[in-house]
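For the sequence shown, the positions run 1364 to 1678 when the numbering used here is used. Cβ atoms here follow ideal geometry from the backbone N, Cα and C, with glycine treated the same way.
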Amino acid sequence: MTTTPATPVDEQLPAHRGPFRVGDRVQLTDPKGRMHTIVLEAGKAFHTHRGALEHDQLIGLPDGSVITATSGTQYLALRPLLSDYVLSMPRGAQVIYPKDAAQIVAMGDVFPGAKVLEAGAGSGALTCSLLRAVGETGEVHSYELRPDFAAIARKNVEAFFGGPHPAWHLHEGDVASNAIGGFDRIILDMLTPWEALDMVERSLIPGGVFIGYVATTPQLSELVEALRERGGWTEPRAWESLIRDWHADGLAVRPDHRMIAHTAFLVSSRKLAPGVTAPPRRRKPSKGAEAYALRRAAQAALAAEQQEQEDTSGE
């Protein structure tokens, strides 16, 4: 495991409020709602099929101004929100969408000063939300297996915050090898998060929150059952979030024709005190639960048989 160095700050950092200045990201929206993001540089120009916009026109203007291109088209200029930035930033791995990042921060109760572990870092989308939540007094430790993804995450996070964030620690390597403890929250965005639960149990404090981010129902089932079988955890909760905009124009009020539907499932559970097992939850058994138990029993029997054959052949 290695920790990648922070990028040195050798230029003016972007502002998050006040008049636009050199280095700021600005989101330009045309009359049709199409958005373009630029980074302000003195003497530069932004060219579109609707004409050119001089960066110097924007520098010094207040946030929320309207500027006119050489063609006469007007553009609304605003600093992009984090949700805007995440959807437009360069990507390596697929990003965690704002709707899911918001659920993780809120339902995971990520608080100012919290110590948080996430894996993998991907393109740094969730990292930005976590750093916003913990502030400069907290800690966010991000693990990423692929050096190329770690480099993209580093670039994206530093571009958003305007330089290295004092609370962020980016590690290249397998999160299962993590030796740091005392985490308040742990979030895993991995193909097989159940394989890292030994590390989660070592690293998470009693009462701490674990959240798994998985894409498919087989992953969801495997993670939930793995938490149940281990004991020492509250009953896992699984859910997904769906967002549907509404069209409102006078008395014409209706759901939008498009919506952001399934992106991933979230699974959350809280770690109990050492040696404590939660009272069994009474719930109506289902055929699916019985089938899962039978499958696990068959897998255990097969593994025992293979081990016996290996022991016999080695004699």
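C-alpha of residue 1597 to C-alpha of residue 1632: approximately 6 Å in a straight line.
The shortest C-alpha to C-alpha distance from residue 1497 to any of 1594, 1548, 1457 and 1386 is the one to 1548. Taking all protein chains shown into account, residue 1444 has fewer than 16 neighbouring C-beta atoms within 10 Å of its C-beta and is therefore exposed. Counted as a single uninterrupted DSSP element, the beta strand (DSSP E) harbouring residue 1535 occupies residues 1531 to 1535. Per DSSP, reduced to three states, the secondary structure at residue 1417 is strand.
Taking 3 residues as the shortest admissible run, the segment 1404 to 1449 contains the following complete beta strand (DSSP E) segments, listed from N- to C-terminal end: 1408 to 1411, 1414 to 1417, 1428 to 1431 and 1437 to 1441. Within the same chain, Cβ atoms closer than 8 Å to the Cβ of residue 1427 are found at 1439, 1440 and 1441, the five residues on either side in sequence being excluded. Counting C-beta pairs with one atom in each stretch, the segment 1581 to 1598 and the segment 1511 to 1525 have fewer than three that are closer than 8 Å, which means they do not touch.
Between residue 1595 and residue 1639 the beta-carbon gap is near 7 Å, inside 8 Å, which marks them as a contact. Taking C-beta separations shorter than 6 Å and ignoring five residues to either side along the sequence, the partners of residue 1502 in its chain run 1478 and 1530, following chain order.
By the 16-neighbour rule on beta-carbons within 10 angstroms, residue 1395 is exposed. When Cβ pairs closer than 8 Å are counted between the two stretches, the segment 1452 to 1462 is seen not to touch the segment 1615 to 1622, the count staying below three. By the CB criterion at 9 Å, residue 1434 and residue 1400 fall outside the cutoff. Closest by C-alpha distance to residue 1406, out of 1564, 1552, 1417 and 1430, is 1417.
Annotation for residue 1569: the continuous beta strand (DSSP E) segment containing it runs 1567 to 1577.
For residue 1492, the enclosing alpha helix (DSSP H) begins and ends at 1488 to 1497. The Cβ neighbour count for residue 1555, taken over all protein chains shown within 10 Å, is under 16; the residue is labelled exposed. Distance from the Cα of residue 1446 is smallest, within the candidate group 1551, 1669, 1540 and 1390, for 1390. Residue 1674 sits in a helix when the DSSP states are folded into three classes. In this chain, the beta strand (DSSP E) harbouring residue 1617 covers 1615 to 1623. Beta-bridge partners of residue 1546 (DSSP): 1567.
By the neighbour-count criterion, in which a residue is buried when 16 or more other Cβ atoms sit within 10 angstroms of its Cβ, residue 1648 is exposed.
Residue 1448 is positioned such that its CB atom lies closer than 9 Å to that of residue 1491.
Residue range 1510 to 1524 is occupied by the alpha helix (DSSP H) that includes residue 1521. Straight-line spacing of the CA atoms in residue 1537 and residue 1552 works out to 13 Å. Residue 1615 has its alpha-carbon roughly 46 Å from the corresponding atom of residue 1480. The C-alpha of residue 1600 is placed about 14 Å away from the C-alpha of residue 1582.
With at least 16 other beta carbons inside 10 angstroms of its own, residue 1557 counts as buried. Apart from the 5 residues on each side of it in sequence, residue 1470 sits with its Cβ closer than 8 Å to the Cβ of 1574, 1629 and 1631 in its chain, given in chain order. Between residue 1422 and residue 1384, the C-beta spacing is below 9 Å.
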